[in-house]
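So the structure is just underneath, and the comments pick up after that.
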Ligand code: ADP
Ligand code: MG
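Numbering (our numbering), first residue to last: 51 to 356.
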């Protein structure tokens, strides 16, 4: 079953084209990451899909329902976390969540639903506070909670982890991963590692166009670059020794005892590196995968398209 469908969607702001003939289909149960630099059109696409912004042309369907014909029904099906997570700082967490719930279901008591999302998003320790008194991480949980309070089957989350510190970021990613077991999720981000950590499919958008749409596992193939690993040994090793390793393609020295190893066959070679060290009595001080720079990916992708 198709949860989210975009058919030839274009969007102009005045004369500026923000979306250029976007086509996509997201099936029930998928967790899709929309990856793109600032200004790519991620937020615009999400606003169109959630019925908050009419497209200039094309059609958006949620569970087969045209968002322009039936926006009320569409908003019932969707939980939406807008960009920058707008909240009312003077409202209490519980009060705000009940308020949002009432917008969907006037006649039902909100208490059970509010308690459910407070637990689901880990808000329990802070739920008696005013929103303005919360840390950024907890505010983001409130944003997720308001998106979930009417128990929608589809979640559309616009940069849900932006501005969070590393711990908060991991907490929010964990919540989203758990939600993804039951719901269809579409999130946007400009962090590649986020897509790899959370999503099973990645859609790359640049200048209003989808330039790649692949399973996350194939991301390194899209990027067309081998995986690279930073490793620091306690001992002074030599380039030629490392270059002879069967799982290594290329060696670059980045510090006295620090190396950048390019993997053969795009494999995660962290275990191989560790085994090599153990076998030869070397000590690994640090070992990590090199972070891919989004900018590099984009240059590569847009070049390939043109
Ligand atoms: P992203 O979320 O990927 O950063 P946006 O969808 O916010 O991208 O923006 C896409 C393009 O549309 C950008 O060039 C942006 O400047 C422009 N844009 C977005 N919102 C508006 C608006 N309300 N009025 C005019 N231009 C806009
Ligand atoms: Mg945006």
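Beta carbons are placed, not taken as given, at the ideal position from N, Cα and C, and that holds for glycine.
Proximity of residue 191 and residue 137 at Cβ, strictly below 8 Å: no
Nearest neighbour of residue 294, chosen from 311, 283, 165 [CA to CA]: Distances from the alpha-carbon of residue 294 to those of 311, 283, 165 put 311 closest.
Secondary structure of residue 313, DSSP reduced to three states: strand
Check: residue 130 C-beta below 7 Å from any heavy atom of the ligand ADP: No; taking the cut-off as 7 Å, the Cβ of residue 130 has no heavy atom of the ligand ADP nearer than that.
Three-pair Cβ contact test at 8 Å for the stretch 280-288 versus the stretch 329-340: yes
Burial state of residue 73 (16 or more Cβ within 10 Å): Exposed is the call here.
Backbone secondary structure at residue 187 - three-state DSSP: helix
Within-8 Å CB hit, residue 319 to chain D: The structure shown contains no chain D, having only a single protein chain.
One or two residues paired with residue 74 in a DSSP bridge: For residue 74, which the question treats as bridged, DSSP gives the partners 56.
Residue 93 beta carbon near the ligand ADP (any heavy atom closer than 7 Å): yes
Reference residue 56, options 88, 262, 222, 105, closest by Cα: 105
Buried/exposed call for residue 261, threshold 16 Cβ in 10 Å: buried
Extent of the continuous alpha helix (DSSP H) to which residue 94 belongs: 92-99
Buried or exposed by the 16-neighbour rule on C-beta atoms within 10 Å, applied to residue 217: exposed
Segment limits, alpha helix (DSSP H) that includes residue 173: Where residue 173 is concerned, there is no enclosing alpha helix (DSSP H), because DSSP gives it neither an H nor an E.
Other residues of its chain near residue 245: CB distance less than 8 Å, five sequence neighbours each side excluded: 83, 85, 239, 252, 266, 269
Buried/exposed call for residue 354, threshold 16 Cβ in 10 Å: For residue 354, the pLDDT reaches just 47, beneath the cut-off of 50, and the residue's location in the model is therefore unreliable, although a value from the coordinates is still provided. Burial call: exposed.
Own chain partners of residue 65 with C-beta closer than 6 Å, once the 5 adjacent residues on each side are dropped: none
C-beta atoms of residue 112 and residue 236 nearer than 8 Å: no
Near the ligand MG: residue 133 beta-carbon under 7 Å from a heavy atom: Because some heavy atom of the ligand MG lies under 7 Å away, the Cβ of residue 133 counts as near it: yes.
Three-state secondary structure assigned by DSSP to residue 127: helix
Pairwise C-alpha distance: residue 168 and residue 328: For residue 328 and residue 168, the distance between alpha carbons rounds to 46 Å.
Near the ligand MG: residue 256 beta-carbon under 7 Å from a heavy atom: no
Helix, strand or coil at residue 165 according to DSSP, with G and I counted as helix: helix
Residue 63 versus residue 121 - alpha carbon distance: 21 Å
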